[in-house]
Amino acid sequence: MQPKIRMVEDRALDIPERWETLDFQALKGLVMVLGGPDVGKSTFAHYLWHKLAGRGQGVGFLDGDPGQSKLGPPTTMTLVTGKPTASLKAEARQVRRAFVGSVSPSGHMLQMLLACSKLIKAAKRAGIQTLVYDTTGLIHREQGGLLLKQTKIELFAPSTIFAIQRGVELEHILAPFRRSKRFRVIDLKPSLATRERNTYERRAHRRTQFAKYFEGARSVVLDWSTLGVLPRPYFTRTGLVALEDSFGLTLALGITTEVFPKDRQVSLLVPPVPLDKLVALRVGDMGLDPQSFEDHRL
Ligand SMILES: Nc1ncnc2c1ncn2[C@@H]1O[C@H](COP(=O)(O)OP(=O)(O)OP(=O)(O)O)[C@@H](O)[C@H]1O
Ligand SMILES: [Mg+2]
């Protein structure tokens, strides 16, 4: 079958027929997009958001992938709310972030759940009625994907799950929910236009996202004795740190450039954003080179 190509934002997309027959009006609450790596989750989630945003009320987008994030720096999840406009990236939209501290959910499952929970709560406070949630491709049991995905489904209780799979690779996650009919599952096949990205491309994407985020960054010195430090003050050079408000949301990310343990001070490279609501620091497990923007595990 010939792919049907349409422009969405500035991208040429293949729109499978099934996508066009979906009942967008019926979608309310949390709408989760699940699938393994490179099946087109983010592309479909963006398409969905565009369709819903046309309704003109209470629609939000949660970019829940701290590795291949489209809307924020890696290591974070991003919630976009506000008046729907033609583009998800438009300045007018309000952006909130939560720090996971890693580019992969492996070894950071609790941080993933916490970040996600903070942003879903923030979406509720912002009056969002329909939230499109784009997830990571971690689905394998051995890597913790089974438990992470099932826990998220039980904890956040989506009204609808879009399951994108080539074969039956999601069934170990979904079968119990299909049988108990607790959540509505809508099955989709990946578009023929999906393409896989290798490790090099994924790294390059992260580098670009980080470089964009830290554009115009300046140095700030913070006295950590006056701030809450989570989980504990183990600052290391190049380490990524989140500067948080009282909701635990990220005001800014910082790259640690210097640590002064005796003075309990830390010097960070931070983008030029207001920090007046700063009450806590959250130390992550990734380092970032402030010149090349290459990330590494600490
Ligand atoms: N419907 C589509 N039309 C055109 N290109 C597509 C379509 N779906 C996916 N692609 C392309 O395939 C690649 C993977 O898509 P996408 O990033 O949406 O997948 P993903 O499942 O979110 O991947 P990840 O596991 O990295 O999160 C991208 O280069 C994207 O542009
Ligand atoms: Mg994706």
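Each residue of the sequence shown is one higher than the one before, starting from 139 at the first, in the numbering used here.
For glycine and all other residues, C-beta sits at the position ideal for the given N, C-alpha and C.
Predicted model only: the values in this text are computed from it and were never measured.
Would you list the residues sitting across from A236 in a DSSP beta bridge?
-> Along the sequence shown, one-based indexing puts residue 236 at 98. Bridge partners of A236: M215.
Return yes when the C-beta of S242 is under 7 Å from any heavy atom of ligand 2, and no when it is not.
-> The count along the sequence shown starts at 1 and reaches residue 242 at position 104. False, no ligand heavy atom lies under 7 Å from that Cβ.
Beta strand (DSSP E) segment containing F398, residue limits = Position 260 of the sequence shown holds residue 398. F398 -> beta strand (DSSP E) spans 388-398.
So does P212 have its beta carbon nearer than 7 Å to some heavy atom of ligand 1?
-> If you number the sequence shown from 1, residue 212 lands on position 74. No, the Cβ of P212 stays beyond 7 Å of every heavy atom of ligand 1.
Is L407 helix, strand or coil by DSSP?
-> Translated into the one-based positions of the sequence shown, residue 407 becomes position 269. Three-state DSSP puts L407 in a strand.
Work out the CA separation of D201 and G167 for me, nearest whole Å.
-> As a first step, residue 167 is located in the sequence shown; it is residue number 29 there, counting from the start. As a first step, residue 201 is located in the sequence shown; it is residue number 63 there, counting from the start. Cα-Cα distance, rounded: 16 Å.
First and last residue of the uninterrupted alpha helix (DSSP H) at L186 = Stepping through the sequence shown from its first residue, residue 186 is reached at position 48. Taken as a continuous stretch (DSSP letters only), the alpha helix (DSSP H) holding L186 covers 179-191.
If you measure from the CB of S329, is any heavy atom of ligand 2 nearer than 7 Å?
-> If you number the sequence shown from 1, residue 329 lands on position 191. Checking every heavy atom of ligand 2 against the Cβ of S329, none is found closer than 7 Å.
Apart from the five residues just before and just after R420, which ones in its own chain have a Cβ nearer than 6 Å to its Cβ?
-> Against the sequence shown, residue 420 aligns to sequence position 282. Cβ neighbours of R420 beyond the five flanking positions: F237, L368, A380, E382.
Name the DSSP beta bridge partners of R424, please?
-> Counting from one through the sequence shown, the residue named residue 424 turns up at place 286. According to the sequence provided, residue 424 is Met. The question's Arg does not apply to it. Per DSSP, R435.
What first and last residue would you give for the beta strand (DSSP E) that runs through A380?
-> If you number the sequence shown from 1, residue 380 lands on position 242. It spans 377-382 - the beta strand (DSSP E) in which A380 sits, taken as one unbroken run.
Take G196 and list the residues in its own chain whose beta-carbon comes closer than 8 Å to its own, dropping the five residues that flank it on each side.
-> Within the sequence shown, the letter at position 58 stands for residue 196. G265, I266, Q267, T268, listed in sequence order.
Excluding the 5 residues preceding and the 5 following D361 in the sequence, name in chain order all residues of the same chain whose CB lies nearer than 6 Å to its CB.
-> Residue numbering aside, residue 361 sits at position 223 when the sequence shown is read from its first letter. Result list for D361: Q403, in chain order.
The region 284-303 / the region 169-179 touching (three or more Cβ pairs under 8 Å) | yes
Taking only heavy atoms of ligand 2 into account, decide whether any of them is closer than 7 Å to the Cβ of Q288.
-> As a working note, residue 288 is residue 150 in the sequence shown. Result no, Cβ not under 7 Å from ligand 2.
Is T376 closer than 8 Å to D427 when the C-beta atoms are compared?
-> Residue numbering aside, residue 427 sits at position 289 when the sequence shown is read from its first letter. Residue numbering aside, residue 376 sits at position 238 when the sequence shown is read from its first letter. Yes, Cβ-Cβ distance for D427 and T376 is below 8 Å.
Rounded C-alpha distance that separates L293 from S255 = By one-based count along the sequence shown, residue 293 stands at place 155. By one-based count along the sequence shown, residue 255 stands at place 117. About 9 Å.
Taking 7 Å as the line, does the beta carbon of Q206 fall inside it for any heavy atom of ligand 2?
-> Residue 206 sits at position 68 when you count from the first residue of the sequence shown. It does: the Cβ of Q206 is within 7 Å (strictly closer) of some heavy atom of ligand 2.
Would you mind working out which of T298, G283, A183, W157 sits nearest D272, comparing C-alpha positions?
-> Locating residue 272 in the sequence shown gives position 134, where the first residue counts as 1. Of T298, G283, A183, W157, the residue nearest in Cα terms is A183.
Beta-bridge partners of I302, as assigned by DSSP = Within the sequence shown, numbered from 1, the residue matching residue 302 stands at position 164. The partner list for I302 (beta bridge, DSSP) reads G173, L326.
With F315 as the anchor, note down where its alpha helix (DSSP H) starts and where it stops.
-> Taking the first residue of the sequence shown as 1, we reach residue 315 at position 177. Where F315 is concerned, the enclosing alpha helix (DSSP H) stretches over 309-318.
Give me the Cα-Cα distance between G275 and K400, rounded to the nearest whole angstrom.
-> For the purposes of this step, residue 275 is taken as the residue at position 137 of the sequence shown. For the purposes of this step, residue 400 is taken as the residue at position 262 of the sequence shown. Computed Cα separation, rounded: 43 Å.
State the start and end residues of the unbroken beta strand (DSSP E) segment that holds Y338.
-> Locating residue 338 in the sequence shown gives position 200, counting from the first residue. Looking at the DSSP string, Y338 is not in any beta strand (DSSP E); the run it does join, the alpha helix (DSSP H), is 337-351.
Is it the case that the CB of R156 approaches a heavy atom of ligand 1 more closely than 7 Å?
-> Sequence index remark: in the sequence shown, residue 156 carries index 18 (1-based). Every heavy atom of ligand 1 is 7 Å or more from the Cβ of R156, so no.
Over the uninterrupted beta strand (DSSP E) stretch that includes T268, give me the two end residues.
-> Here residue 268 corresponds to residue number 130 of the sequence shown, with the count starting at 1. First-last of the beta strand (DSSP E) with T268: 268-272.
Sequence-distant residues of its chain with Cβ nearer than 7 Å to V417 (five each side left out) | Reading the sequence shown from its first residue, position 279 is the one you call residue 417. Answer for V417: L365, G366, E382, D383, S384, listed in chain order.
Locate the alpha helix (DSSP H) running through A261, then write down its first and last residues.
-> The sequence position of residue 261 within the sequence shown is 123, counting from 1. A261 -> alpha helix (DSSP H) spans 247-263.
In terms of DSSP beta bridges, what is V359 paired with?
-> Translated into the one-based positions of the sequence shown, residue 359 becomes position 221. The partner list for V359 (beta bridge, DSSP) reads S405.
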